[in-house]
Amino acid sequence: MSNSPPTPPQNVPSGIAEKLADQSPDVLRDIARYADELAEHREREAQLPEQDEQDEDVEAEAADRPDDVPSKATITVKEINDHRYYYWQWREGETIKSKYKGPVNSDE
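Numbering (the working numbering), first residue to last: 80 to 187.
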């Protein structure tokens, strides 16, 4: 282990690196914990719009689902005579059930 202080990563602004160099080991550990928590928070925040979009897709799909199609059903695409169609599909025991949903639009 070297007696010289570590070199900060290049993406750490020099002003922050200089301030950190003046801190005690206890404060540096507190800063490290805070930085980890802040990074996790920002990562979760960045995922929220993506999760909201997925939730909206699920809600729209559920609103579009006929009463006789279970919530566990997924949408699949089947090709019949060179045409593509959406079908609701789910499993009941050993049997796979399907229900027609509509044609696949070519502009999607």
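Where is the CB? At the ideal position from N, CA and C, for every residue including glycine.
Given the structure is predicted, the values throughout are model-derived calculations rather than measurements.
What residues in its chain sit with their C-beta under 8 Å from that of Arg163, if we drop five residues either side in the sequence?
-> Val156, Lys157, Pro182 and Val183
Nonlocal neighbours in the same chain, by C-beta distance under 7 Å from Leu107, ignoring five residues either side = Taken in chain order, the residues that qualify are Leu99.
Using only alpha-carbon positions, find the residue among Val91, Gln168, Glu124 and Thr174 that is nearest to Arg144.
-> Gln168
Nonlocal neighbours in the same chain, by C-beta distance under 7 Å from Ser81, ignoring five residues either side = none
What is the DSSP secondary structure of Val156, counted as helix, strand or coil?
-> strand
Going by the beta-carbon positions, is the gap between Tyr166 and Ser150 smaller than 8 Å?
-> Taking 8 Å as the Cβ cut-off, Tyr166 and Ser150 do not qualify as a contacting pair.
Quick one: give me the first and last residue of the beta strand (DSSP E) that Glu97 is part of.
-> Run containing Glu97: none in the beta strand (DSSP E); it sits in the alpha helix (DSSP H), Ser93 to Ala100.
Just the Cα atoms here: how many angstroms apart are Asp147 and Tyr179?
-> Take the alpha-carbon of Asp147 and the one of Tyr179: they are about 12 Å apart.
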